[in-house]
Amino acid sequence: MPTAAKSIEAEIIKLREEVLHHEELYYVHDRPEISDVEYDALLGRLRALEEEHPEFQTPDSPTLRVGGRPAEGFAEYVHRRAMLSLENSYNIEDLRAFDERCRKLADGRPFEYVAELKIDGLSLSSHYENGVLVRGVTRGDGRVGEDVTQNVRTIRSVPLRLKVAEEGDTEVRGEAYLSRKAFERINAEREEAEEAKFANPRNAAAGTIRQLDPKVVARRKLDLFAYDVLRGERKPFATHWEALEWLERAGFTVNPHRAKCTDIEGVIEFCNRMEAERDRLEYEIDGVVVKVNSTALQDEFGATAKAPRWAIAYKYPARQATTQVESIVVQVGRTGALTPVANLTPVQLAGTTVARATLHNEDEIKRLGVKIGDWVNIEKSGEIIPKVLNVVASRRTGEERPFRFPKKCPVCGGVVSRPEGEVVSRCVAADCPAQLKGRLLHYASRRAMRIEGLGDALAEQFVQKKMVRDVADLYALKLEDVAGLERMAEKSASNLLAQIEASKARDLPQLVYGLGIRHVGERTAALLARHFKSLEALKGATVEQIDDIHEIGLTVAESVRDWFDDEGNAALCERLRERGVRTELAGGGVGAQSDEAFAGKQFVLTGRLETLTRDEARALIEARGGRVTSTVSKKTDYVVAGEESGSKLDKAQALGLNVIDEARLKEMLG
974 MPTAAKSIEA EIIKLREEVL HHEELYYVHD RPEISDVEYD ALLGRLRALE
1024 EEHPEFQTPD SPTLRVGGRP AEGFAEYVHR RAMLSLENSY NIEDLRAFDE
1074 RCRKLADGRP FEYVAELKID GLSLSSHYEN GVLVRGVTRG DGRVGEDVTQ
1124 NVRTIRSVPL RLKVAEEGDT EVRGEAYLSR KAFERINAER EEAEEAKFAN
1174 PRNAAAGTIR QLDPKVVARR KLDLFAYDVL RGERKPFATH WEALEWLERA
1224 GFTVNPHRAK CTDIEGVIEF CNRMEAERDR LEYEIDGVVV KVNSTALQDE
1274 FGATAKAPRW AIAYKYPARQ ATTQVESIVV QVGRTGALTP VANLTPVQLA
1324 GTTVARATLH NEDEIKRLGV KIGDWVNIEK SGEIIPKVLN VVASRRTGEE
1374 RPFRFPKKCP VCGGVVSRPE GEVVSRCVAA DCPAQLKGRL LHYASRRAMR
1424 IEGLGDALAE QFVQKKMVRD VADLYALKLE DVAGLERMAE KSASNLLAQI
1474 EASKARDLPQ LVYGLGIRHV GERTAALLAR HFKSLEALKG ATVEQIDDIH
1524 EIGLTVAESV RDWFDDEGNA ALCERLRERG VRTELAGGGV GAQSDEAFAG
1574 KQFVLTGRLE TLTRDEARAL IEARGGRVTS TVSKKTDYVV AGEESGSKLD
1624 KAQALGLNVI DEARLKEMLG
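Numbering of the sequence shown is given in the working numbering, commencing with residue 974 and proceeding in unit increments.
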């Protein structure tokens, strides 16, 4: 290499190290050593040299934080280990109940908790190969996220290269957020540009990370607190506290407000202390996350379908506000349910501008005695839509007007029925457009058939223009028809039709859930699909056969049977099959011998497995008809013991139970 080139390369390396050093001081440690002007000069010189000599640019260069071109869309990425949500608790009694469950699972072994602030943002996963950032992914639905690497690069508290030597794959999970100051600045800019303001910092952060232009993301200045690290699918440290310390050494910002607690009383003290401090913080929080510190116990405790058993989110009490009811409207959902909603004078509540609150049903309106024009106290709790708590009767003027619940559907004029013993009134008209719109949105939702691009406005047009009568008609849409709709062009119409076509390959559990059968949620749909293995078999099942499935009761069984007994629904299933939608369970040809080895059997997982995560093992067992529990008893058929198995293995041996290792389990699974 010529001497001049070596000199330029050396200057680039030196500049890169200087810029990264000052970025860490400013964004991670909050103690800058140079002015913004000096920093900009260093970065400008580095960018100019790299543009002149692109052969010397590296993937960890700080110039790449804002240099990407706008993306055309985001690819999906399947998380190797699910990013599960947390079970919520809303009072101290819930925390103590969580502690009792953990101590029961620990079976006498001592353990600690780690308490951390629950940042009001969105979860991101950053992937490193040999210490260099290669991918950034949103949480998505916990199993499948979106690849937003270009945008994650713009977050200055996400190091482009780890400060510690690492070989192989490393995954760091954290919470991206906007500071109060950044949020106020963004909304001021949007107001000046006559654009709609964001309702709260979390919505702004979520909207920012999905911007197609990384330059827009860079200007908004997202930040991130790291909270977990994985190597492959496993946690590499014996305790969660050690993981947090490693994250700091690696160059991440870890929230300083955290505590290691020997018991639940220490956790409660931390929760109370931080609640008093929350308004002094530079970012929004909505509670505290409590985790068992030992990662071995975390693995042993496992998780339900939605949340880990070793962690819980303690949500601070809901905040209340007083505002006025301007009007009351009635919405119609996909099941025909009529829900009254109060339109309110907009008011700030828990960092959000609130203009609507649910009134639930006709009986609730009568119980509250609420009238149009009333002043009311409202409450927002967690992610639930705000609700009306009570009427401020002392502020009545006599000009308030009573609300009369409609006797006919406000959307289609159809008959409204309220069965005896129920509080919900429903429109019974089969052709009600409001119900059809709701069914389309449910069918297209991420946890059902995942048709990206089919949102509220598009579903409204499909219904109003009578382009679809049910979800099967989605598969008969033509490009010219969709491209002619409002705010649609040929490319976006083509993308939508591609999404619709791709949905044909979704698995049977997603289809059953997407059909919108009353009382059939995601978990129940999966149980039905795995048991019957085809839509045709489920359609022919009796109430007794459905009721016999573990975890499914008579109410659900009767609802499923009633749905398939309807001629229109039966015809819908046939049209879906004719149009190419998968109506059989993928891989449903598992041999009878494998099913017999698992059907009705009770398994307990203990210790650390070598090649499977506990969630994967659980899913595979349940897919074959087995059941996984956390307690060893005489009813247990198999105990699957991995490394560092504890008292559960001892108890299994004392009871003379079948103890198998991971290799034997995989052999049984085929």
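Yeah, the Cβ is synthetic: ideal placement off N, Cα and C, and Gly gets one too.
Quick check: residue i and residue j, are their CB atoms within less than 9 Å of each other?
i: Leu-1095; j: Ile-1182; result: yes
i: Gly-1342; j: Val-1364; result: yes
i: Asp-1093; j: Tyr-1287; result: no
i: Glu-1425; j: Lys-1410; result: no
i: Val-1389; j: Arg-1399; result: yes
i: His-995; j: Leu-1015; result: yes
i: Thr-1497; j: Glu-1517; result: no
i: Val-1263; j: Val-1240; result: yes
i: Gly-1629; j: Glu-1273; result: no
i: Leu-1217; j: Val-1110; result: no
i: Leu-1203; j: Arg-1053; result: yes
i: Lys-1136; j: Glu-1337; result: no
i: Thr-1122; j: Val-1107; result: yes
i: Leu-1431; j: Leu-1452; result: no
i: Val-1384; j: Ile-1345; result: no
i: Phe-1472; j: Leu-1427; result: As written in the sequence, residue 1472 is Gln, which differs from the Phe given in the question. Yes, the pair counts as a contact, with Cβ atoms nearer than the cut-off.
i: Asp-1201; j: Lys-1194; result: no
i: Tyr-1486; j: Glu-1495; result: yes
i: Ile-1285; j: Phe-1071; result: yes
i: Arg-1644; j: Arg-1307; result: Residue 1644 lies beyond the range of the chain shown here (974 to 1643); nothing can be said about it.
i: Gln-1304; j: Ala-1462; result: no
i: Asp-1429; j: Leu-1414; result: yes
i: Val-1269; j: Leu-1057; result: Sequence inspection shows Ala at residue 1269; the Val mentioned does not correspond to that position. No, the pair does not count as a contact, with Cβ atoms beyond the cut-off.
i: Glu-1635; j: Leu-1582; result: yes
i: Ser-1476; j: Ala-1530; result: no
i: Val-1601; j: Ala-1614; result: no
i: Leu-1558; j: Lys-1506; result: yes
What is the DSSP secondary structure of residue i, counted as helix, strand or coil?
i: Cys-1234; result: strand
i: Asp-1610; result: coil
i: Ile-1241; result: helix
i: Glu-1356; result: No answer about Glu-1356 holds up, because its pLDDT of 47 lies below 50 and its placement is not dependable.
i: Arg-1374; result: strand
i: Cys-1405; result: coil
i: Phe-1225; result: coil
i: Met-1641; result: helix
i: Pro-1482; result: helix
i: Pro-975; result: coil
i: Leu-988; result: helix
i: Ala-1421; result: coil
i: Gly-1040; result: Confidence at Gly-1040 is low in this model, with a pLDDT of 46, below 50, so the placement of that residue should be treated as unreliable; the coordinate-derived value is given next. Of the three classes helix, strand and coil, the one that applies to Gly-1040 here is coil, per DSSP.
i: Glu-1217; result: Sequence inspection shows Leu at residue 1217; the Glu mentioned does not correspond to that position. The answer is helix: DSSP assigns Leu-1217 an H, G or I state.
i: Asn-1124; result: helix
i: Arg-1307; result: coil
i: Ser-980; result: helix
i: Pro-1032; result: coil
Let me check one thing: in DSSP terms, what residues is residue i bridge-paired to?
i: Thr-1296; result: Val-1349
i: Tyr-1256; result: The partner list for Tyr-1256 (beta bridge, DSSP) is empty, contrary to what the question assumes.
i: Lys-1381; result: Val-1388
i: Glu-1616; result: Arg-1581
i: Ser-1267; result: Thr-1212
i: Gly-1147; result: Leu-1097, Ala-1199
i: Val-1314; result: Val-1302, Thr-1331
i: Phe-1576; result: Val-1601, Tyr-1611
i: Asp-1325; result: With the sequence shown as reference, residue 1325 is identified as Thr, and Asp is not the correct amino acid for it. According to DSSP, which records beta bridges pairwise, Thr-1325 is partnered with Leu-1322.
i: Lys-1288; result: Gly-1260
i: Ile-1633; result: Val-1613
i: Ser-1062; result: Tyr-1287
i: Gly-1118; result: Tyr-1050
i: Val-1361; result: Ile-1351
i: Ala-1276; result: Pro-1281
i: Asp-1142; result: Glu-1102
i: Arg-1399; result: Ala-1310, Ser-1390
Comparing the CB of residue i with every heavy atom of the ligand PLP, is any distance shorter than 8 Å?
i: Glu-1540; result: For the ligand PLP, the structure offers nothing, since it holds no ligand at all.
Entirely within the region 1069-1113 and at least 3 residues each: give me those beta strand (DSSP E) ranges in chain order. 1086-1092, 1095-1102, 1105-1111
Complete alpha helix (DSSP H) runs within the region 1487-1570 (minimum length 4 residues, chain order): 1495-1505, 1508-1512, 1516-1520, 1527-1538, 1540-1551
Three-pair Cβ contact test at 8 Å for the region 1252-1259 versus the region 1307-1319: With the cut-off at 8 Å, the region 1252-1259 and the region 1307-1319 do not touch.
Flag this pair as touching only if the region 1172-1191 and the region 1214-1229 have three or more C-beta atom pairs under 8 Å; answer yes or no. Look at the beta carbons and you see the region 1172-1191 not touching the region 1214-1229: under three pairs across the two are nearer than 8 Å.
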